[in-house]
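Here the structure comes first, spelled out in structure tokens, and everything after it is commentary.
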Amino acid sequence: MIVNTRKKVPMRKCVATGEMKPKKELVRIVRTKEGEVSIDLTGKKSGRGAYLSKDKEVVLLAKKKNILSNHLEVAINETLYEELLQLIEKEN
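So this is what it looks like as structure tokens:
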């Protein structure tokens with residue numbers, strides 16, 4: 001009997017591009033019940049989540065088209081996009 005030793009990789013969909021990617025390649029943005037929006041680096045915060053690819057172009061596209069705002073049903077502060085861009089810069 002052959003046992004599959006590779007663990008199942010959790011996949012998530014980028015809200016901007018619609019691509020399915022491994023969860024580790026995406027960054028989660030979460031909206032709490034109180035309406036606060038933050039970057040969820042652990043992927044475990046409770047609330048409504050949206051995933052974005054860790055790509056500068058994708059973040060800019062999401063900002064331009066208001067994708068996060070529509071997905072999370074809340075106004076997104078300009079500083080959140082700046083934080084996302086800084087996070088991506090650090091990782092690359």
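Just so it is clear: in the sequence shown, position 64 is 64 by full-length UniProt numbering, and no numbers are missing.
By construction, the Cβ of each residue, glycine as well, lies at the ideal position given by its N, Cα and C atoms.
- The region 8-19 makes no contact with the region 30-38: fewer than 3 CB pairs, one atom from each, lie closer than 8 angstroms.
- In terms of Cα proximity to Glu-83, the closest of Lys-56, Lys-33, Lys-21 and Thr-42 is Lys-56.
- Distances from the alpha-carbon of Leu-72 to those of Val-58, Ile-29, Leu-41 and Gln-86 put Ile-29 closest.
- Leu-80 is not a Cβ neighbour of Leu-52, given a cutoff of 8 angstroms.
- Here Lys-23 carries a helix assignment [DSSP, helix/strand/coil].
- When only Cα atoms are considered, Leu-61 and Leu-85 end up about 12 angstroms apart.
- No Cβ-Cβ contact shorter than 8 angstroms links Lys-23 with Gly-47.
- Taking C-alpha positions only, Lys-45 is separated from Val-59 by approximately 21 angstroms.
- Around Gly-49, the same chain offers Arg-28 and Val-30 as residues with beta carbons nearer than 6 angstroms, after the five sequence neighbours per side are excluded.
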